[in-house]
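Colleague: Sharing a structure, written as structure tokens. Questions coming.
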Amino acid sequence: LHPLQSLSLQSIRRRSAEEQMAVMHAIIAALLAGPIVVRFLFRLVSAAINPEELFKEPPGPTPHPWIGNLLQLDLERPYRSLYELSKKYGSVFTVYLGHKKMVVLAGYEAVRLAVDGYEQRNSPLLKDLNPGCYGIMLANAIEVFGMPQSISEEQILEECGHLIETFKEHEGNPFDTTDPVNYAVSNVIASIVYGNRVDYGDPWFRIVVSGVAQKTSFAGSATTQFYMFPRTICSMPHAMVKNGEKDARFMKDFVKHLKRTLNPNTSRGLVDDLLLRQRVVWFCADQVQEELDRVLGNGCISMEDRQNLPFTNAVIHETQRMANIYPMAIAYQTTHNISFQGYFIKQGTTVFSLLTSVLYDESEWETPHTFNPAHFLNEEGKFIQRNAFLFCSGFAGRKITLGESLANMALFLLFTSLLQRFRITPPIGVSEDDLAVTPTEGAPPPHQLCAVCR
1 LHPLQSLSLQ SIRRRSAEEQ MAVMHAIIAA LLAGPIVVRF LFRLVSAAIN PEELFKEPPG
61 PTPHPWIGNL LQLDLERPYR SLYELSKKYG SVFTVYLGHK KMVVLAGYEA VRLAVDGYEQ
121 RNSPLLKDLN PGCYGIMLAN AIEVFGMPQS ISEEQILEEC GHLIETFKEH EGNPFDTTDP
181 VNYAVSNVIA SIVYGNRVDY GDPWFRIVVS GVAQKTSFAG SATTQFYMFP RTICSMPHAM
241 VKNGEKDARF MKDFVKHLKR TLNPNTSRGL VDDLLLRQRV VWFCADQVQE ELDRVLGNGC
301 ISMEDRQNLP FTNAVIHETQ RMANIYPMAI AYQTTHNISF QGYFIKQGTT VFSLLTSVLY
361 DESEWETPHT FNPAHFLNEE GKFIQRNAFL FCSGFAGRKI TLGESLANMA LFLLFTSLLQ
421 RFRITPPIGV SEDDLAVTPT EGAPPPHQLC AVCR
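Here the UniProt record's numbering is used: the first residue of the sequence shown is 1, the next is one more, and so on.
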């Protein structure tokens, strides 16, 4: 062949080989990209039917096999670890407790927005620990029963008198204030629910109040808060279950007594209790007592005086905020697939709100980690409410806060009545800084105080 013809033939063959390679590459690329395209199309079709599938799941720390994120949590005070994690992963994040996936909501806005949509709640722990129970705590909807404030106030003030006498019996010597205060608060509830108070020395009454304290401690434990081992919790003859049985026997016996002494012309009200406890803040006590002396003198306290005691009211509210008795709300399960703040949360996922993040939210409080009654005072020194505080105090909705007004009334009257008559101090040899009364698992640790008559 002519050299030019030979060169042309080689060029044709080379182009043919290149075209074959190009076709081969295209086939390989199609085979590799095919599954991706199919998956993408599937997601589009799925999204058309179920739009929330396009949302990503909440971020969170990488879980370890079997144990999840347990090593990253302080199990004595898990809310602190979760609060720190929220700074890294945001207001909606995921943690694994063993194999159990949980979504955590942090900060006022996230918790508020989520709760607004919790019209139907599903609390697996309460249902499993209370099988067949359909009481006030587990009701989805219930009417709030009204109660004359004057009657409640009289009963609380009567109980304040008994508590004051108990304090006087110690004549200024150190004693543990926990039991007397618990008995007084429990008696306020008993007086309104049953129409009778119980003597502080009654053996059954002491057992029941002690059982309530134990159940509060158990309810605040990490195992219960996270509901990590439901089968174990429900199968164990735990003290919480035993205490519930004791409570039931006590209430049945008491109700039998009430039936025998029933007066058809007298109504004995109904209320659900929310027991709140104060933490003494020493440097504010003098200012509170100065305000009480200026406004009341030696007169009797009443709820009408609260509006004239702005600093005292602010100290009570700030004490509740800093005490942070219930740092994590009761966990709930989602009843259907939801999208929340750009994240997809699958049906049946356990979700709980970190209330401590609301009480310490830097966008809501000027000095969130410091005791500061000014959080509840305006520039003129008048008391003001804060939405974040109101939200936490009524977080659980009507299911748990039916007695909220009663609890606030009892807290105000007990606190002011005691400070009006006593100077509360640490025992001799114990500094105010050494007296640790920061709540652990819903209650302050055992401690002693001196109540010196003023």
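Every residue gets a Cβ at the ideal spot worked out from N, C-alpha and C, and that includes glycine.
Could you tell me the alpha carbon to alpha carbon distance between Val104 and Arg386, rounded to whole angstroms?
Modeller: C-alpha separation (whole angstroms): 23 Å.
Colleague: Can you name, in chain order, every residue of its own chain whose Cβ lies under 8 Å from the Cβ of Val92, other than the five neighbours on each side?
Modeller: Around Val92: Pro58, Val103, Val104, Leu105, Ala106, Ala110, Phe340, Gln341 and Tyr343.
Colleague: Would you report the Cα separation of Gly211 and Gly429, rounded to the nearest angstrom?
Modeller: Spanning the two alpha carbons is a distance of roughly 32 Å.
Colleague: State buried or exposed for Ala451, treating a residue as buried only when at least 16 other CB atoms are found within 10 Å of its CB.
Modeller: Buried, because 16 or more other Cβ atoms sit within 10 Å of the Cβ of Ala451.
Colleague: In three-state terms, what does DSSP make of Gln347?
Modeller: It is coil, neither helix nor strand.
Colleague: Runs of 3 residues minimum, wholly inside the stretch 350 to 387: which ones carry the beta strand (DSSP E) assignment?
Modeller: With a minimum length of 3 residues, the continuous beta strand (DSSP E) runs that stay inside the stretch 350 to 387 are 350 to 354.
Colleague: Determine the direct distance from the alpha carbon of Ser357 to that of Ile345, and round the result to whole angstroms.
Modeller: Approximately 21 Å, taken between the alpha carbons.
Colleague: What separation, rounded to the nearest whole angstrom, lies between the Cα atoms of Tyr96 and Ala410?
Modeller: Taking the straight line joining both Cα atoms gives about 40 Å.
Colleague: Can you check DSSP and say which residues form a bridge with Lys56?
Modeller: Per DSSP, Tyr343.
Colleague: Roughly how many whole angstroms lie between the Cα atoms of Asn187 and Gln448?
Modeller: Cα-Cα distance, rounded: 22 Å.
Colleague: In chain order, what residues of the same chain lie with their CB nearer than 8 Å to the CB of Pro180, ignoring the 5 residues before and after it?
Modeller: If we look at Pro180 and ignore the five residues flanking it on each side, its Cβ neighbours are Leu163, Thr166, Phe167 and Tyr200.
Colleague: Spell out the partners DSSP gives Val101 in its beta bridges.
Modeller: Sequence check: residue 101 is Lys here, not Val. For Lys101, which the question treats as bridged, DSSP gives the partners Tyr96.
Colleague: Would you be able to state if there are at least three C-beta pairs under 8 Å between the stretch 301 to 321 and the stretch 411 to 418?
Modeller: Yes, since at least three Cβ pairs between the stretch 411 to 418 and the stretch 301 to 321 fall closer than 8 Å, the two stretches touch.
Colleague: Please say whether Gly90 and Gly68 have beta carbons closer to each other than 7 Å?
Modeller: No. Outside cutoff.
Colleague: If you drop the 5 nearest sequence neighbours on each side, which residues of the same chain put their C-beta closer than 7 Å to that of Ile381?
Modeller: Note on identity: in this sequence residue 381 is Gly, with Ile being the wrong assignment. Pro310, listed in sequence order.
Colleague: Alpha carbons only, please: which of Tyr360, Asn308 and Thr350 is nearest the one belonging to Glu291?
Modeller: Comparing Cα-Cα distances from Glu291 to each of Tyr360, Asn308 and Thr350, the minimum goes to Asn308.
Colleague: Could you name the residues of the same chain whose beta carbon sits closer than 6 Å to that of Leu82, not counting the 5 residues immediately before and after it, in chain order?
Modeller: Taken in chain order, the residues that qualify are Val104 and Leu354.
Colleague: Rounded to whole angstroms, what is the Cα-Cα separation between Thr367 and Glu318?
Modeller: So the alpha carbons of these two residues sit roughly 11 Å apart.
Colleague: Return the chain-ordered list of same chain residues with a C-beta closer than 7 Å to the C-beta of Arg197, the five sequence neighbours on each side being excluded.
Modeller: For Arg197, where only same-chain residues beyond five positions count, the Cβ hits under 7 Å are Glu159, Asn187, Ala190 and Ser191.
Colleague: Within 10 Å of its beta-carbon, does Glu153 have 16 or more other beta-carbons around it, so buried, or fewer, so exposed?
Modeller: Answer is buried; the Cβ neighbour count reaches 16.
Colleague: Among the residues of its own chain, which have a CB less than 6 Å from the CB of Tyr108, if the five just before and after it don't count?
Modeller: Hits under 6 Å: Val358, Asp361, Glu364 and Ala388.
Colleague: Distance check for Thr177 and His204, CA to CA, integer angstroms please.
Modeller: The sequence given here has Trp at residue 204, not His. Cα-Cα distance, rounded: 20 Å.
Colleague: Determine the DSSP secondary structure at Val144, reduced to helix, strand or coil.
Modeller: Residue placement at Val144 is poorly supported in this model, since its pLDDT is 38, which falls under 50; the coordinates still yield a value, given next. Coil at Val144, not helix or strand.
Colleague: Counting only the same chain and skipping the five closest in sequence on each side, list residues whose C-beta sits under 8 Å from that of Ser86.
Modeller: The residues are Phe93, Val104, Ala106, Gly107, Leu354 and Ser357.
Colleague: Note down the Cα distance separating Leu75 from Met328, rounded to an integer number of angstroms.
Modeller: Whole-angstrom Cα-Cα distance: 13 Å.
Colleague: Buried or exposed for Pro65, going by 16 or more other Cβ atoms inside 10 Å?
Modeller: That one is exposed.
Colleague: Enumerate in chain order the residues of its own chain whose CB-to-CB distance from Ile338 is below 6 Å, with the five nearest sequence positions on each side excluded.
Modeller: Excluding sequence neighbours, Ile338 sits near Ile345.
Colleague: Look up Arg333 in the DSSP assignment and give the residues it is bridged to.
Modeller: The sequence given here has Gln at residue 333, not Arg. BP columns for Gln333 point to Thr350.
Colleague: Does Thr349 pass the burial test, meaning 16 or more other C-beta atoms within 10 Å, or should it be called exposed?
Modeller: That one is buried.
Colleague: Note the first and the last residue of the continuous alpha helix (DSSP H) segment covering Arg454.
Modeller: First-last for Arg454: undefined, no H or E at that position.
Colleague: Going by CA-CA distance only, name the one from Leu157, Phe352, Asn182 and Gly299 that's closest to Arg112.
Modeller: Selected option, being the one with the closest Cα: Phe352.
Colleague: Over what stretch of residues does the beta strand (DSSP E) that includes Thr312 continue unbroken?
Modeller: That residue, Thr312, is in no beta strand (DSSP E); its alpha helix (DSSP H) goes Pro310 to Ala323.
Colleague: For the alpha helix (DSSP H) that Arg306 lies in, which residues bound it at each end?
Modeller: From DSSP, Arg306 is part of no alpha helix (DSSP H); its letter is neither H nor E.
Colleague: With Gln420 and Ile301 assumed to form a contact (beta carbons below 8 Å), what rounded beta-carbon distance in angstroms separates them?
Modeller: Right, their Cβ atoms sit about 7 Å apart.
Colleague: Note down, in chain order, each residue of its chain lying with its Cβ closer than 6 Å to the Cβ of Thr425, except the 5 sequence neighbours on either side.
Modeller: Contacts found: Cys450.
Colleague: For Gln333, which option in Gly161, Lys101 and Leu71 has the closest C-alpha, if you only look at C-alpha atoms?
Modeller: The shortest C-alpha separation from Gln333 is found at Lys101.
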